[in-house]
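Chains A and B, in that order, give the protein sequences. All letters in the first sequence, in the order written, are residues 1 to 435 by the numbering used here. All letters in the second sequence, in the order written, are residues 436 to 870 by the numbering used here. Think of the CB as a built atom: it goes at the ideal place given N, C-alpha and C, for glycine as much as any other residue. Every value quoted in this text rests on a predicted model; they were computed, and no experiment measured them. Here's the structure, in structure tokens; my notes come after.
2 protein chains.
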Amino acid sequence: GDEQALIDLFEEMPAADIAGFIDENFEIYESLALMDKMSPEVQAEVFGYLRPNNQQVLASHMEVGLLAKLFRDMSSDERADVYALLDVKLQDALMRRLAKHDRDDLLRLSSYEEGTVGSVMTSDYAVIPASGTVEHALRRLRQTAPEKETIYQAYVIDNDYRLQGVVSLRDLITAAPHERIEDIMVTDLITLTPDMPQAESARIISRYDLIAIPVVSETGVLVGIVTFDDAMDVVEMEDTETMHKSATVGKIEGGLKDASVGMLYRKRINWLVLLVFANIFSGAGIAYFEDTISAYIALLFFLPLLIASGGNAGAQAATLMVRGIATGDVTRSDWFRMLGKELLVSLGLGLTMAVAIALVGSLRAGPDIMLVVALSMLAIVLVGSLIGVMLPFLLHRLNWDPATASAPLVTTIADATGVLIYFGMATSILGLPNI
Amino acid sequence: GDEQALIDLFEEMPAADIAGFIDENFEIYESLALMDKMSPEVQAEVFGYLRPNNQQVLASHMEVGLLAKLFRDMSSDERADVYALLDVKLQDALMRRLAKHDRDDLLRLSSYEEGTVGSVMTSDYAVIPASGTVEHALRRLRQTAPEKETIYQAYVIDNDYRLQGVVSLRDLITAAPHERIEDIMVTDLITLTPDMPQAESARIISRYDLIAIPVVSETGVLVGIVTFDDAMDVVEMEDTETMHKSATVGKIEGGLKDASVGMLYRKRINWLVLLVFANIFSGAGIAYFEDTISAYIALLFFLPLLIASGGNAGAQAATLMVRGIATGDVTRSDWFRMLGKELLVSLGLGLTMAVAIALVGSLRAGPDIMLVVALSMLAIVLVGSLIGVMLPFLLHRLNWDPATASAPLVTTIADATGVLIYFGMATSILGLPNI
């Protein structure tokens, strides 16, 4: 009754939505029962859209024979991803049930390291020979269409499976039926290699507006393709990683919701402890100026807002640079120009903030202290901003990920310099009373 | 000589690379001369890939008749973007040179507000009637292919241009030639409306792995499509905006490199000044405990690392939540579970950091002060983390963008509570000597 109503409802729904529904209401045995009612193709598609955590649980509760059947119907890149989630015993049992060509394909795709082009590519692409005609190619695409991830790009290979060219279905249907493929194929190819970082596939697909991009080995043999939809997933993953990194959080596998307490702890603790020790420099700066502070205890009131301002302006500058470098908007050769621009911008920011604090602070402290506070504000904002611009470029030049120049790191450095600037200036302008 | 060599080189290059070359070596008159040597189609394609700033400069230096010719060959969404960059006088002069259907199309597409689906959609899509056959549809697609952004999805409309269904080219070439379109078209459609936020188009294209998605008016009339490549650009723009927002930087139009000093100043100053005043709370907290601080000046050494730790842990938690909400990984109903998990994680983080600082700090201060510091660390990290989890959910519930719960805001709130916790605990454990 109730279950049948769901099955009827599912018939009208896209696979992604069915998977979303199962994810939201996940119970192992109910999900297995629901999946069991679907056609093998729908089952395979829905399974591919489930959250990794739920894929893993369902796969381990499935009869191995059924799992092998599911694997046969799944796209090659998705089943390789699921395979990687299974424990070794289940992997072995599964492998024994697969046909040789599925087994070889799965082994090959799972052998690429995570984060590489090889780990996101699929082997469900359409190939055609260079010597055939347009008519022949179209017939072939028609026949193989159901198994292929895309037939909108057909890959032209020679007898050794080396990539010779690419023909789009658009070109095929507008060409005359008797034309030869080698005469209409595109040979100036943009290709990837499987060991490139996966972000590269997304960058190139986005730059050239491609539906798919071929992946070739060093000897020019076609080994897979990356499609635009996988590239979009890569962009989401990479941007998530960058945003987490910018707050000193390490890479979290498989989504925040499924992350265990232990994993979250491990991904967060290292930088936090490191920053505790880095902040000792600020403390040491304060301790060094203890005499000044004891003499002018009113200075402390302005300490938090001054050091925070340097960190905030620095985090702004660093974030602009990190993202600019990541999108290719800013390159290494721009660093001098960006530094000059930041000098002007931060001068404006620092002056505005100095005036703002001088107006409000004069209600609380005398003109000599306000002079110290205003001058410090200007200097601290300038220095913080310049650190924010330079650190990402420096990391980029050292071939580190500029995203490591995260807000917390810039803030910590800006804090320590802020303490020195503020109390240094106070000591020299106000003097030490007991000397 | 030199120029001809470049033109020859360009013939082998994708349009995106030619545009990249011109952008890198931009000089108005040289760029105009180079463009002049290309075929009209290549010219239009290259122009579409140039940086907005350079498009604007070139367009204003072009003879209006030539610009109108260029516009005729450009895709409808790209020319609407360029049109929006021109000054009103040039817009008028250009309009007068365009054919009526181009003029209407341009006016319509430019009328949608920036950031909406309407502003990124294109009108270069292929339509077919429901009553025709597969053979008829294929013939039509073949003829109109050169002008369309994609022919891999064909849109089935009635006489009033209302969207009836969609047929993919994949389905067309695998169907029998005499089959009727209405029998093979998909009618359970996922559609957008032009006033939706543009991010929605990217979210849906990515979720359902679509090549393009139709945009319909309230009355069901087809008004445009959004293609996957435009959706990828939307993702990049949106993620850039979110990252900037997370460092309290406002929306920057047209890339960092082209942003003027004045614009950068305006996009950064508001939050910086706001945060200066917010940090007065921390200063007030310090001032309130002046007696405690004067009595135990050694406490100041640990102040920066304690308040920074609360901010850093809070920024981690906030960033995880903000991104989780943005990707749909975490929903409103998860907030209680996330809070519980964060309580456990931050307990672990706080304990580790308390032990770390107790070990190192005992070289510098006595056991009573170290007890205060260690207990404060635990409490500050707990409170900072919980603020980091709750603020994004709160903003989300208020229908504000959770990204506003930026690291600087969380840090500022955590700083103020950190000051109160630390000196409050010190006063109650160490006591005030002169009372």
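Taking all protein chains shown into account, T292(A) has 16 or more neighbouring C-beta atoms within 10 Å of its C-beta and is therefore buried. DSSP places V562(B) in the uninterrupted beta strand (DSSP E) bounded by A561 to P564. At least one beta carbon of chain B lies nearer than 8 Å to the beta carbon of N312(A). I660(B) sits in a strand when the DSSP states are folded into three classes. When C-beta atoms of the stretch 541-548 of chain B are compared with those of the stretch 505-516 of chain B, three or more pairs fall below 8 Å, so the two segments count as touching. Runs of the alpha helix (DSSP H) lying entirely within the stretch 745-805 of chain B and spanning at least 4 residues, in chain order: 770-796. F771(B) counts as exposed, since fewer than 16 other beta carbons sit within 10 angstroms of its beta carbon. Residue pairing for Q588(B): DSSP places it in a beta bridge opposite S603(B). Rounded to whole angstroms, V552(B) and M773(B) show a C-alpha spacing of 32 Å. For V186(A), no beta strand (DSSP E) run applies, since DSSP gives it neither H nor E. Boundaries of the alpha helix (DSSP H) around P40(A): P40 to Y49.
Bridge partners of T568(B) according to DSSP: R615(B). Secondary structure note for I213(A): its beta strand (DSSP E) is the uninterrupted segment A212 to V216. The stretch 386-402 of chain A makes no contact with the stretch 749-758 of chain B: fewer than 3 CB pairs, one atom from each, lie closer than 8 Å. The three-state reading of DSSP puts P194(A) in coil, since its state is none of H, G, I, E or B. Around the beta carbon of F277(A), a 10 Å sphere encloses fewer than 16 other beta carbons of the protein chains shown; the residue is thus reported as exposed. Between E149(A) and Y125(A), the beta carbon gap of about 7 Å places them in contact (Cβ cut-off 8 Å). Of the residues assessed, N312(A) falls on the buried side of the cut-off, its CB having 16 or more other CB atoms within 10 angstroms. For the options P304(A), L363(A), G310(A) and S385(A), the alpha carbon positioned closest to that of L344(A) is the one of S385(A).
With its beta carbon less than 8 Å from one in chain B, S206(A) belongs to the interface. For T727(B), the enclosing alpha helix (DSSP H) covers residues E725 to A730. Look at the beta carbons and you see the stretch 461-480 of chain B touching the stretch 491-499 of chain B: at least three pairs across the two are nearer than 8 Å. According to DSSP, L67(A) shares a beta bridge with no other residue. In terms of beta-carbon proximity, R142(A) lines the interface with chain B, with at least one pair separated by less than 8 Å. Exposed is the label assigned to Q143(A), since fewer than 16 other Cβ atoms lie within 10 Å of its Cβ. Residues of the stretch 392-405 of chain A with a Cβ closer than 9 Å to any Cβ of chain B: none.
For the stretch 767-788 of chain B, the set of positions with a beta-carbon nearer than 7 Å to some beta-carbon of chain A reads D769, K776, L779, V780, G783, L784, T787 and M788 in chain order. Of the candidates L378(A), V249(A) and A99(A), V249(A) places its Cα closest to the Cα of I269(A). Counting only Cβ-Cβ distances below 9 Å, V235(A) has contacts in chain B at S641, M667, V670, E671 and D674, in chain order. Chain-order list of chain A residues neighbouring R605(B): A145 and I151, by C-beta distance under 7 Å. Taking the C-beta atoms as reference points, G424(A) is found no nearer than 8 Å to L738(B). Residue pairing from DSSP places T551(B) in a beta bridge opposite P632(B). Of the other Cβ atoms in all chains shown, 16 or more fall within 10 Å of the Cβ of G418(A); this residue is therefore buried.
Chain-order list of chain A residues neighbouring Q491(B): empty, with the shortest C-beta distance near 17 Å, by a criterion of under 7 Å. For I616(B), there are no C-beta contacts with chain A under 9 Å, since the nearest C-beta of that chain is about 16 Å from it. Taking 8 Å as the threshold, the shortest C-beta distance from I280(A) to chain B falls below it.
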